[in-house]
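To keep things clear, I will list the structure first and then write my remarks on it.
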Amino acid sequence: MLAHERRGSGPVLVLIHGLGSRRQVWEPIVGALARHREVIALDLPGFGESPAWEPPRPGLAPGSVDHLADLVADFLAGLGVESPELAGNSLGGGIALELGRRGLARSVTAFAPVGFWGPAGRRWCQAVLGGSRALSTALSPALPRIVATRPGRAALCSIFYGRPGRVSAVDCLDSARALSAAPGFAAARRAFGVWRLPVGADPAGLSAIPVTIAWGTRDLVLPHRRQARRALEELPDARHVLLPGCGHLPFADDPERCADLLTVRQ
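Be aware that the sequence shown starts at 1, since it is given in the UniProt record's numbering, and climbs by one per residue.
Right, here's the structure in full:
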(Lines of atoms letter the chains of each structure in order from A; the text may use other names.)
(Lines give C-alpha, C1' and ligand atoms only; values in the text may rest on other atoms or scores of the structure.)
Protein backbone atom coordinates (compact mmCIF):
# COMPACT_ATOMS: atom_id res chain seq x y z
CA MET A 1 0.00 0.00 0.00
CA LEU A 2 1.33 3.41 -0.95
CA ALA A 3 1.38 6.23 1.58
CA HIS A 4 -1.41 8.62 0.69
CA GLU A 5 -3.95 11.15 1.95
CA ARG A 6 -7.62 11.51 1.01
CA ARG A 7 -9.62 14.71 1.39
CA GLY A 8 -12.86 16.17 0.12
CA SER A 9 -15.76 14.66 -1.77
CA GLY A 10 -16.90 14.39 -5.36
CA PRO A 11 -15.21 12.87 -8.41
CA VAL A 12 -11.90 11.26 -7.51
CA LEU A 13 -8.77 13.20 -8.43
CA VAL A 14 -5.40 11.46 -7.97
CA LEU A 15 -2.23 13.56 -7.59
CA ILE A 16 1.13 12.06 -8.61
CA HIS A 17 4.37 13.86 -7.72
CA GLY A 18 7.68 13.90 -9.58
CA LEU A 19 11.16 12.43 -9.16
CA GLY A 20 12.57 12.92 -5.66
CA SER A 21 9.43 14.69 -4.51
CA ARG A 22 6.54 13.68 -2.23
CA ARG A 23 2.80 14.12 -1.97
CA GLN A 24 3.14 17.31 0.10
CA VAL A 25 4.27 19.21 -3.01
CA TRP A 26 0.55 19.52 -3.86
CA GLU A 27 -0.36 21.02 -0.47
CA PRO A 28 -0.74 24.62 -1.75
CA ILE A 29 -3.73 23.56 -3.88
CA VAL A 30 -5.22 20.55 -2.07
CA GLY A 31 -7.61 22.64 0.03
CA ALA A 32 -9.08 24.33 -3.04
CA LEU A 33 -9.28 21.01 -4.90
CA ALA A 34 -11.01 19.25 -2.01
CA ARG A 35 -13.94 21.65 -2.27
CA HIS A 36 -14.78 20.07 -5.63
CA ARG A 37 -13.11 16.64 -5.66
CA GLU A 38 -12.22 13.67 -3.51
CA VAL A 39 -8.47 14.17 -3.64
CA ILE A 40 -6.00 11.29 -3.27
CA ALA A 41 -2.40 12.52 -3.02
CA LEU A 42 0.06 9.63 -3.01
CA ASP A 43 3.75 8.98 -2.49
CA LEU A 44 5.19 6.95 -5.34
CA PRO A 45 6.99 3.71 -4.41
CA GLY A 46 10.50 4.53 -3.24
CA PHE A 47 9.63 8.15 -2.42
CA GLY A 48 8.17 10.04 0.52
CA GLU A 49 6.71 7.61 3.04
CA SER A 50 5.96 4.80 0.61
CA PRO A 51 7.95 1.56 0.72
CA ALA A 52 10.39 0.56 -1.99
CA TRP A 53 8.78 -0.70 -5.17
CA GLU A 54 8.07 -4.26 -6.13
CA PRO A 55 10.14 -5.67 -9.03
CA PRO A 56 8.79 -4.76 -12.46
CA ARG A 57 7.32 -7.23 -14.90
CA PRO A 58 9.83 -8.66 -17.39
CA GLY A 59 11.12 -6.17 -19.90
CA LEU A 60 10.55 -3.05 -17.80
CA ALA A 61 13.31 -0.95 -16.26
CA PRO A 62 12.95 -0.50 -12.47
CA GLY A 63 11.59 2.96 -11.70
CA SER A 64 10.55 3.66 -15.28
CA VAL A 65 7.29 5.38 -16.16
CA ASP A 66 5.77 2.07 -17.26
CA HIS A 67 6.87 0.31 -14.06
CA LEU A 68 5.55 3.04 -11.76
CA ALA A 69 2.33 3.28 -13.79
CA ASP A 70 1.79 -0.44 -13.15
CA LEU A 71 2.21 0.11 -9.40
CA VAL A 72 -0.07 3.14 -9.29
CA ALA A 73 -2.72 1.25 -11.26
CA ASP A 74 -2.48 -1.64 -8.78
CA PHE A 75 -2.74 0.77 -5.85
CA LEU A 76 -5.86 2.45 -7.24
CA ALA A 77 -7.45 -0.91 -8.02
CA GLY A 78 -6.82 -1.92 -4.41
CA LEU A 79 -8.70 1.19 -3.27
CA GLY A 80 -11.56 0.36 -5.62
CA VAL A 81 -10.93 3.53 -7.64
CA GLU A 82 -11.81 3.18 -11.31
CA SER A 83 -11.12 5.72 -14.05
CA PRO A 84 -10.25 8.71 -11.83
CA GLU A 85 -9.13 12.14 -12.91
CA LEU A 86 -5.33 12.15 -12.83
CA ALA A 87 -2.85 14.97 -12.32
CA GLY A 88 0.90 14.56 -12.37
CA ASN A 89 4.02 16.68 -12.20
CA SER A 90 7.25 15.88 -14.07
CA LEU A 91 7.78 12.11 -13.68
CA GLY A 92 4.25 11.99 -12.27
CA GLY A 93 3.01 13.75 -15.39
CA GLY A 94 4.47 10.98 -17.51
CA ILE A 95 2.83 8.38 -15.28
CA ALA A 96 -0.54 10.14 -15.55
CA LEU A 97 -0.25 10.28 -19.34
CA GLU A 98 0.72 6.62 -19.52
CA LEU A 99 -2.27 5.62 -17.40
CA GLY A 100 -4.49 7.76 -19.61
CA ARG A 101 -3.00 6.11 -22.68
CA ARG A 102 -3.99 2.74 -21.18
CA GLY A 103 -7.60 3.89 -20.81
CA LEU A 104 -7.41 4.08 -17.00
CA ALA A 105 -8.28 7.76 -16.51
CA ARG A 106 -11.28 10.02 -16.92
CA SER A 107 -8.99 12.98 -17.63
CA VAL A 108 -5.29 13.82 -17.37
CA THR A 109 -3.57 17.05 -16.40
CA ALA A 110 0.22 16.96 -16.66
CA PHE A 111 2.37 19.77 -15.27
CA ALA A 112 5.81 19.84 -16.99
CA PRO A 113 5.65 16.14 -17.88
CA VAL A 114 8.68 14.07 -18.79
CA GLY A 115 8.85 12.37 -22.17
CA PHE A 116 8.69 15.32 -24.58
CA TRP A 117 12.43 16.01 -24.49
CA GLY A 118 15.19 15.28 -26.95
CA PRO A 119 18.44 13.63 -25.81
CA ALA A 120 19.98 16.94 -24.69
CA GLY A 121 16.87 17.91 -22.72
CA ARG A 122 16.78 14.54 -20.99
CA ARG A 123 20.43 14.74 -20.02
CA TRP A 124 19.95 18.27 -18.73
CA CYS A 125 17.01 17.19 -16.56
CA GLN A 126 18.96 14.23 -15.19
CA ALA A 127 21.94 16.46 -14.44
CA VAL A 128 19.87 19.15 -12.71
CA LEU A 129 17.98 16.70 -10.54
CA GLY A 130 21.10 14.68 -9.74
CA GLY A 131 22.99 17.85 -8.84
CA SER A 132 20.16 19.07 -6.63
CA ARG A 133 20.11 15.77 -4.76
CA ALA A 134 23.90 15.85 -4.31
CA LEU A 135 23.77 19.44 -3.08
CA SER A 136 20.96 18.71 -0.61
CA THR A 137 22.94 15.76 0.73
CA ALA A 138 26.20 17.70 1.02
CA LEU A 139 24.51 20.62 2.77
CA SER A 140 22.41 18.46 5.07
CA PRO A 141 23.95 19.64 8.38
CA ALA A 142 23.57 23.29 7.38
CA LEU A 143 20.10 23.07 5.80
CA PRO A 144 18.16 24.32 8.85
CA ARG A 145 20.29 27.48 8.95
CA ILE A 146 20.08 27.99 5.19
CA VAL A 147 16.30 27.72 4.94
CA ALA A 148 15.77 29.91 8.00
CA THR A 149 16.46 32.98 5.84
CA ARG A 150 14.57 34.16 2.78
CA PRO A 151 17.76 34.52 0.68
CA GLY A 152 18.81 31.03 1.72
CA ARG A 153 15.46 29.55 0.65
CA ALA A 154 15.64 31.47 -2.63
CA ALA A 155 19.12 30.09 -3.34
CA LEU A 156 18.15 26.51 -2.46
CA CYS A 157 14.72 26.42 -4.10
CA SER A 158 15.06 28.64 -7.17
CA ILE A 159 15.86 25.68 -9.42
CA PHE A 160 12.36 24.31 -8.78
CA TYR A 161 10.22 27.40 -8.10
CA GLY A 162 9.67 30.55 -10.10
CA ARG A 163 8.82 32.39 -6.87
CA PRO A 164 10.93 30.60 -4.22
CA GLY A 165 10.23 33.25 -1.61
CA ARG A 166 6.71 31.83 -1.30
CA VAL A 167 8.04 28.48 -0.04
CA SER A 168 8.08 28.16 3.75
CA ALA A 169 11.22 27.19 5.65
CA VAL A 170 9.56 23.96 6.81
CA ASP A 171 8.52 22.92 3.29
CA CYS A 172 11.92 23.81 1.86
CA LEU A 173 13.76 21.79 4.51
CA ASP A 174 11.44 18.78 4.35
CA SER A 175 11.54 18.69 0.55
CA ALA A 176 15.34 18.88 0.46
CA ARG A 177 15.60 16.03 2.95
CA ALA A 178 13.06 13.95 1.02
CA LEU A 179 15.06 14.47 -2.17
CA SER A 180 18.25 13.32 -0.44
CA ALA A 181 16.68 10.28 1.21
CA ALA A 182 14.49 8.83 -1.58
CA PRO A 183 15.69 5.25 -2.22
CA GLY A 184 13.99 5.12 -5.61
CA PHE A 185 15.73 8.22 -6.97
CA ALA A 186 18.79 6.75 -8.71
CA ALA A 187 16.97 3.99 -10.60
CA ALA A 188 14.08 6.24 -11.65
CA ARG A 189 16.54 8.89 -12.88
CA ARG A 190 18.44 6.29 -14.92
CA ALA A 191 15.18 5.06 -16.47
CA PHE A 192 14.11 8.52 -17.69
CA GLY A 193 15.10 7.85 -21.28
CA VAL A 194 13.06 4.66 -21.58
CA TRP A 195 9.59 6.19 -21.97
CA ARG A 196 8.23 8.41 -24.70
CA LEU A 197 4.57 8.94 -25.37
CA PRO A 198 3.73 6.65 -28.33
CA VAL A 199 2.34 8.81 -31.11
CA GLY A 200 -0.87 7.44 -32.58
CA ALA A 201 -0.79 4.38 -30.34
CA ASP A 202 -3.67 5.16 -28.01
CA PRO A 203 -6.98 5.23 -29.92
CA ALA A 204 -8.88 4.27 -26.77
CA GLY A 205 -6.73 6.33 -24.40
CA LEU A 206 -5.63 9.97 -24.48
CA SER A 207 -7.54 10.77 -27.66
CA ALA A 208 -10.80 9.90 -25.91
CA ILE A 209 -10.43 12.01 -22.74
CA PRO A 210 -9.72 15.65 -21.80
CA VAL A 211 -5.95 16.20 -21.56
CA THR A 212 -4.20 19.33 -20.33
CA ILE A 213 -0.45 19.95 -20.59
CA ALA A 214 0.86 22.88 -18.54
CA TRP A 215 4.36 24.41 -18.49
CA GLY A 216 5.85 27.04 -16.21
CA THR A 217 7.60 29.77 -18.19
CA ARG A 218 10.41 29.87 -15.59
CA ASP A 219 10.93 26.11 -15.42
CA LEU A 220 14.69 25.48 -15.20
CA VAL A 221 14.37 21.68 -14.96
CA LEU A 222 12.30 21.08 -18.11
CA PRO A 223 12.56 24.35 -20.09
CA HIS A 224 9.26 24.68 -21.84
CA ARG A 225 9.96 26.09 -25.29
CA ARG A 226 11.03 22.99 -27.21
CA GLN A 227 9.21 20.52 -25.02
CA ALA A 228 5.92 22.40 -25.20
CA ARG A 229 6.24 22.38 -28.99
CA ARG A 230 6.81 18.62 -29.03
CA ALA A 231 3.85 18.11 -26.70
CA LEU A 232 1.63 20.13 -29.06
CA GLU A 233 2.82 18.05 -32.04
CA GLU A 234 2.14 14.74 -30.29
CA LEU A 235 -1.10 15.76 -28.56
CA PRO A 236 -2.69 18.33 -30.88
CA ASP A 237 -6.16 17.88 -29.39
CA ALA A 238 -5.05 18.56 -25.81
CA ARG A 239 -5.35 21.87 -23.98
CA HIS A 240 -1.85 23.40 -23.86
CA VAL A 241 -1.26 26.04 -21.20
CA LEU A 242 1.62 28.28 -20.13
CA LEU A 243 1.90 29.36 -16.49
CA PRO A 244 3.64 32.75 -16.51
CA GLY A 245 6.30 33.18 -13.85
CA CYS A 246 5.98 29.61 -12.60
CA GLY A 247 8.78 27.11 -12.17
CA HIS A 248 8.93 23.34 -12.36
CA LEU A 249 6.74 23.04 -9.25
CA PRO A 250 4.08 25.66 -10.01
CA PHE A 251 1.68 24.87 -7.18
CA ALA A 252 3.23 27.32 -4.71
CA ASP A 253 4.02 29.83 -7.46
CA ASP A 254 0.40 30.21 -8.66
CA PRO A 255 -1.92 27.98 -6.61
CA GLU A 256 -5.14 29.57 -7.87
CA ARG A 257 -4.32 29.00 -11.54
CA CYS A 258 -3.13 25.44 -10.92
CA ALA A 259 -6.28 24.59 -8.96
CA ASP A 260 -8.44 26.05 -11.72
CA LEU A 261 -6.76 23.85 -14.32
CA LEU A 262 -7.78 20.81 -12.30
CA THR A 263 -11.36 21.78 -11.51
CA VAL A 264 -12.55 23.82 -14.49
CA ARG A 265 -13.12 21.65 -17.54
CA GLN A 266 -11.98 22.86 -20.93
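Don't be surprised by glycine CBs; every beta carbon is placed ideally from N, CA and C.
Note that the structure is predicted; figures quoted are calculated from it, not measured.
Determine, using beta carbons only, whether Trp26 and Phe251 come nearer to each other than 8 Å. Contact: yes.
Assign Ser140 to buried or exposed, taking buried as 16 or more other Cβ atoms, counted over all protein chains shown, within 10 Å of its Cβ. exposed
Could you pull the start and end residues of the beta strand (DSSP E) that residue 293 belongs to? Outside the displayed span of the chain (1 to 266) sits residue 293, for which this structure offers no information.
Best match in Glu85, Ala3 and Leu156 for proximity to Arg177 [C-alpha to C-alpha]: Leu156
Please classify Glu98 as buried or exposed, where buried requires at least 16 other C-beta atoms within 10 Å of its C-beta. buried
Return the residue from the list Gly115, Gly46, Leu60 and Leu42 that minimises the CA-CA distance to Phe192. Gly115
Anyone know if the C-beta pair for Val72 and Ile95 falls short of 8 Å? yes
Rounded distance between the beta-carbons of Asp237 and Ser207, thought under 8 Å: About 7 Å separates the two Cβ atoms, so the contact holds.
Could you give the DSSP three-state label for Gly247: helix, strand or coil? coil
Start-end ranges of the beta strand (DSSP E) lying completely within the segment 40-115, minimum 3 residues: The beta strand (DSSP E) runs lying completely inside the segment 40-115 and spanning 3 residues or more are 85-89 and 107-111, given in chain order.
DSSP three-state label for Trp117, please. Here DSSP, grouped into helix, strand and coil, assigns Trp117 to coil.
Runs of 4 residues minimum, wholly inside the segment 9-45: which ones carry the alpha helix (DSSP H) assignment? 27-34
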